[in-house]
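Novice:
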Amino acid sequence: MACEWIPQRSAGANSKSCSLSFLISLPKGTTFGTSTMPAVMNGRLETLTILGCGALGTAILCGLLDSLDKALEGSKDGNCSLPTKLFACVRTVKSAERLKKDISHYSTPATILHGENVRAVQESDVVLLSCLPHQLEECIGQLPIKTALRGKLLISILAGVTIPDIENVWHQEHLKIGMDGLSECAIVRAMPNVASAVRDSTTVITSKGMDRSTNKMVESILSSVGEVISIDSSIFDACTALCGSCPAFFSVFLEALVDAAVSLGVRRPDAERMAAHTMRGTASMMVAGANSTTVRETVASPGGSTMAGLLELEKGSVRWSISNALISSANAAQNLTKRKS
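Going by the working numbering, the letters in the sequence shown line up with residues 13 to 353, in that order.
Right, here's the structure in full:
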């Protein structure tokens with residue numbers, strides 16, 4: 013197994029949450045906007061930290077490891093500019109054991125640290141923030157973490173947490189330029205989805221004055237787990253629902269199709285495969301340029317069986333339900349930081 017597990021004394025053993033650190037290091041010297049950021053030497057990244065290891069944090073870690081494995085194999089699907097030294101830092105022994113199992117089949121080595129968030133951030137140049145949204149202040153609000161984050165590039169994937177929310181946690185006084193020449197933390201907001209694990213995520217990003225060099229670095233990291241799209245911050249919650257929540261919505265739709273097929277005599281494994289591949293094929297048509305109306309009208313010939321099924325969907329107000337599901341998710345994203353646990 014290509015994972016080095018280093019249990020450490022836990023600073024939060026009683027916490028219900030898991031805090032992951034996963035490191036990618038960069039050489040010193042590049043300027044990113046208003047911040048003095050590490051440079052990229054020969055296009056290489058060497059160290060990144062992921063803080064928080066739930067479903068999404070683990071999915072991104074797995075996607076990055078898979079990309080590195082393929083790069084080592086010489087595959088064109090790999091990304092050789094990604095980090096080669098990886099660290100994962102979790103709060104509990106149980107989380108460490110779970111993560112160790114999750115990444116055991118990858119060839120690229122990763123070191124799991126237990127309760128070492130500050131150390132991980134200190135040694136990193138790029139930090140991926142992936143704790144639960146309501147744990148924002150607990151995760152990065154303490155002075156040691158604030159200090160460690162100075163001069164770093166922070167990529168936040170917390171749903172509902174804006175860049176000003178993060179800045180408010182720090183109150184800025186600990187991050188302004190000091191005698192050591194370190195500047196405030198450069199922040200990028202991103203929202204990938206769980207398909208990162210199979211490197212097919214759709215990730216949206218936005219930042220506060222992010223320059224071209226920073227944008228290139230962020231896209232290099234996140235494009236290793238899928239498509240990256242830059243958006244305006246004003247629509248970020250809507251895109252969080254569209255990109256982050258839709259895998260769950262699609263799964264419900266697929267489950268309904270599979271159950272119906274099983275009731276008609278199709279074996280469940282066969283029905284799951286058919287439904288999933290049909291959805292993927294339809295999505296591929298749209299990615300290639302077809303629009304949804306054209307696809308629907310092409311399949312639904314007058315008086316045919318597809319039209320009969322579409323009428324049933326209309327009777328069930330499926331469009332209304334799907335639209336309201338997305339709107340409700342977007343609205344809920346704005347309140348995630350207020351939840352207690």
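Where is the CB? At the ideal position from N, CA and C, for every residue including glycine.
Taking 6 Å as the limit between beta carbons, can you name the residues of its chain near GLU239, skipping five residues before and five after?
Specialist: THR214.
Novice: Around the C-beta of SER313, are 16 or more other C-beta atoms found within 10 angstroms, so that it is buried, or is it exposed?
Specialist: So SER313 counts as exposed.
Novice: Buried or exposed for VAL230, going by 16 or more other Cβ atoms inside 10 Å?
Specialist: VAL230 is buried by the Cβ-count criterion.
Novice: Starting from THR59 and walking both ways along the beta strand (DSSP E), at which residues does that stretch end?
Specialist: From DSSP, THR59 is part of no beta strand (DSSP E); its letter is neither H nor E.
Novice: Tell me the DSSP secondary structure of GLU85 in three-state form.
Specialist: Reduced to three states, the DSSP call for GLU85 is coil.
Novice: Might you give, ordered along the chain, the residues of its own chain that have their beta carbon closer than 7 Å to the beta carbon of VAL181, omitting 5 neighbours on each side?
Specialist: Here the set comprises LEU148, GLU149, ILE152, GLY153.
Novice: Alpha carbon to alpha carbon, how far is THR218 from ALA288? Give it in angstroms, no decimals.
Specialist: If you take the alpha carbons of ALA288 and THR218, they lie about 31 Å apart.
Novice: Output yes or no for whether 9 Å exceeds the beta carbon distance between LEU73 and LEU111.
Specialist: Contact flag set, yes.
Novice: First and last residue of the alpha helix (DSSP H) that includes HIS289?
Specialist: Run containing HIS289: 280 to 299, per the alpha helix (DSSP H) assignment.
Novice: Between the Cα of PHE265 and the Cα atoms of ILE334, PRO176, VAL237, which residue gives the shortest distance?
Specialist: Per the Cα distances, ILE334.
Novice: Using the rule of at least 16 other Cβ atoms within 10 Å of the residue's Cβ for burial, across every protein chain shown, is ARG308 buried or exposed?
Specialist: The residue in question, ARG308, is exposed, as its Cβ has fewer than 16 Cβ neighbours within 10 Å.
Novice: Identify every residue that forms a DSSP beta bridge with MET319.
Specialist: Note: MET319 sits in no beta bridge, so no partner.
Novice: Where do the N-terminal and C-terminal ends of the alpha helix (DSSP H) with ALA253 fall, by residue?
Specialist: That residue, ALA253, is in no alpha helix (DSSP H); it is neither H nor E in DSSP.
Novice: Kindly indicate the opening and closing residues of the beta strand (DSSP E) around SER219.
Specialist: Here the beta strand (DSSP E) through SER219 covers 213 to 219.
Novice: Is it true that the CB of PHE99 sits closer than 9 Å to the CB of THR61?
Specialist: Yes, the pair counts as a contact, with Cβ atoms nearer than the cut-off.
Novice: Given a cut-off of 9 Å, decide if GLU128 and CYS101 are closer than it, judged by their beta-carbon atoms.
Specialist: Contact: yes.
Novice: Give me the Cα-Cα distance between SER107 and ASN303, rounded to the nearest whole angstrom.
Specialist: C-alpha separation (whole angstroms): 43 Å.
Novice: Please report the Cβ distance between LEU94 and SER236, rounded to the nearest whole angstrom; I am assuming they are in contact, meaning their Cβ atoms lie under 8 Å.
Specialist: Yes, they are in contact, since the Cβ atoms of LEU94 and SER236 sit about 6 Å apart, within 8 Å.
Novice: Using only alpha-carbon positions, find the residue among LEU234, VAL206, LEU161, ASP244 that is nearest to GLU196.
Specialist: Ranking LEU234, VAL206, LEU161, ASP244 by Cα distance to GLU196 puts LEU161 first.
Novice: Where VAL311 and THR318 are concerned, what is the direct C-alpha to C-alpha distance, given to the nearest angstrom?
Specialist: Rounded to whole angstroms, VAL311 to THR318 spans 7 Å at the Cα level.
Novice: For the candidate residues ILE241, VAL330, LEU323, whose alpha-carbon lies nearest to that of ALA268?
Specialist: Of ILE241, VAL330, LEU323, the residue nearest in Cα terms is VAL330.
Novice: If I measure Cβ to Cβ from ALA71 and keep anything under 6 Å in the same chain, skipping five residues before and after, which residues do I get?
Specialist: Here the set comprises VAL206, SER208, ALA209.
Novice: When the distance is taken between beta carbons, is LEU234 closer than 9 Å to VAL133?
Specialist: No, the Cβ-Cβ distance between VAL133 and LEU234 is not below 9 Å.
Novice: From THR252 to GLY315, what distance separates their C-alpha atoms?
Specialist: Whole-angstrom Cα-Cα distance: 39 Å.
Novice: Is it buried or exposed for SER242, if we count other Cβ within 10 angstroms and need 16 for buried?
Specialist: SER242 comes out exposed.
Novice: Distance, Cα to Cα, ALA344 vs VAL105?
Specialist: For ALA344 and VAL105, the distance between alpha carbons rounds to 32 Å.
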